[in-house]
Amino acid sequence: MASTHQPSRVRLHHLMQAKAERRPITMLTAYDALTAPIFEAAGVDMLLVGDSIGNVMLGHDSTLTVSLDDMERAVGAVARSTKRPLIVADLPFGTYETGPFQAFESATRLMRAGAHAVKLEGGAERIPAVEMLVDGGIPVMGHLGYTPQSEHALGGPRLQGRGEQGEKLWADALALQEAGAFALVLEMVPAQLAKEVTRAVRIPTIGIGAGPRCDGQVLVWSDMAGMTEWTPSFVRRFAELGAALEGAASEYVAAVRDGSFPGPDNYRVQ
Ligand code: KIV
């Protein structure tokens with residue numbers, strides 16, 4: 001969302017403006033007070049406190065075990081350490097699916113922790129929850145296509161939206177927009193479908209594995225920074241931070257062992 005004037009806080013209307021002016025919107029995940037201000041300094045428009053925290057930070061092999069407590073702590077850290085980006089927090093699995101009241105109670109906790117909006121997965125079946133959140137003043141981002149909280153029902157991470165599935169995704173996108181969602185994540189859907197849905201809705205679409213024609217892009221930060229050996233094919237590795245960090249740690253270990261650290265610059269005798 002590069003523009004000559006950077007707002008002091010990214011608001012929903014700035015995202016709508018970016019879509020209207022075809023300025024790509026940028027979003028990265030963030031889970032802590034160490035990395036969030038770095039992404040803010042890089043100019044990212046939105047920070048997603050994603051339930052990918054389960055895989056990325058907490059050592060789980062899916063998002064399904066992430067709790068509201070996990071999310072509250074992470075949202076608080078990101079909110080305390082940044083000023084400008086819009087902070088979107090994922091409603092974790094099991095905290096909104098039974099209906100609008102459950103969704104509202106869960107979302108309230110994330111908003112009190114410092115989020116500016118929440119994201120939830122699913123389409124038509126989520127409309128009552130989305131409406132209640134929006135009526136209650138909580139901005140909602142939808143999430144369609146591959147929805148990791150349904151990974152077992154979907155048969156694992158795979159492209160969604162081919163054939164009839166594509167028609168459902170269209171209908172879901174329109175229904176979420178009408179229910180008041182301010183934006184939609186489109187994950188792992190064919191680029192052509194993402195392009196058409198992006199044209200058809202007034203609200204911004206944010207793609208991940210959905211091609212170049214969405215209104216913005218989101219990536220899990222540790223993927224784009226090369227923190228792990230493997231990354232999905234839709235990710236570009238913009239750095240090799242994992243290798244750089246391992247290199248730094250190895251040098252530290254060697255320096256302690258060979259006695260070169262601490263050196264004269266690192267301590268005073270008196
Ligand atoms: O939790 C997350 O990181 C997400 C992105 C994959 C969009 O939902």
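Here my numbering is used: position 233 in the sequence shown is 233, and no number is missing along the way. No residue lacks a Cβ here, since even glycine has one placed at the ideal position from N, Cα and C.
Inset, instruction - State whether the region 226–238 contacts the region 246–260, with contact taken as three or more CB pairs (one from each stretch) at a distance under 8 Å. - result: no
Inset, instruction - Using the Cα positions of L176 and V140, report the straight-line distance between them to the nearest angstrom. - result: The residue you call residue 176 lines up with position 176 of the sequence shown. The residue you call residue 140 lines up with position 140 of the sequence shown. C-alpha separation (whole angstroms): 9 Å.
Legend entry - Under 9 Å between C-beta atoms of T26 and W221: Position 26 of the sequence shown, counting from 1, holds the residue named residue 26. Position 221 of the sequence shown, counting from 1, holds the residue named residue 221. Not closer than 9 Å, so no.
Legend entry - Nearest-angstrom Cα separation, counted from G259 out to D51: Sequence index remark: in the sequence shown, residue 51 carries index 51 (1-based). Sequence index remark: in the sequence shown, residue 259 carries index 259 (1-based). If I take the Cα positions, the gap works out to 43 Å.
Inset, instruction - Check each residue's C-beta against every heavy atom of ligand 1 and list, in chain order, those closer than 7 Å. - result: T29, L48, G50, D51, S52, T63, D90, K119, H143, P148, V185, E187, I208, V218, V220
Inset, instruction - Can you give me the Cβ contacts of E121 inside the same chain, cut-off strictly under 6 Å, excluding the 5 residues immediately before and after it? - result: For the purposes of this step, residue 121 is taken as residue 121 along the sequence shown, with counting starting at 1. Around E121: H143, T147, Q149.
Legend entry - K119 - containing beta strand (DSSP E), residue span: Locating residue 119 in the sequence shown gives position 119, counting from the first residue. That run of the beta strand (DSSP E) goes 117–121.
Inset, instruction - Check whether the Cβ atoms of S106 and P92 lie closer than 9 Å to each other. - result: Within the sequence shown, the letter at position 106 stands for residue 106. Within the sequence shown, the letter at position 92 stands for residue 92. Result yes, Cβ atoms of S106 and P92 sit closer than 9 Å.
Inset, instruction - Compute the beta-carbon to beta-carbon distance between V189 and L154, rounded to the nearest angstrom, for a pair I have assumed lies under 8 Å. - result: Here residue 189 is taken as the residue at index 189 of the sequence shown, counted from 1. Here residue 154 is taken as the residue at index 154 of the sequence shown, counted from 1. About 12 Å separates the two Cβ atoms, so there is no contact after all.
Inset, instruction - Would you grab the beta carbon distance between V88 and A117 for me? Rounded to a whole angstrom, and I think it's under 8 Å. - result: Indexing the sequence shown from 1 puts residue 88 at position 88. Indexing the sequence shown from 1 puts residue 117 at position 117. Correct: roughly 5 Å between the Cβ atoms.
Legend entry - Selected residue, minimal CA-CA separation from K168, among E151, V197, H152: Position 168 of the sequence shown, counting from 1, holds the residue named residue 168. Answer by Cα proximity: V197.
Legend entry - Counted within 10 angstroms of its Cβ, other Cβ atoms place F39 as buried (16 or more) or exposed: The residue you call residue 39 lines up with position 39 of the sequence shown. Buried: at least 16 other Cβ atoms inside 10 Å.
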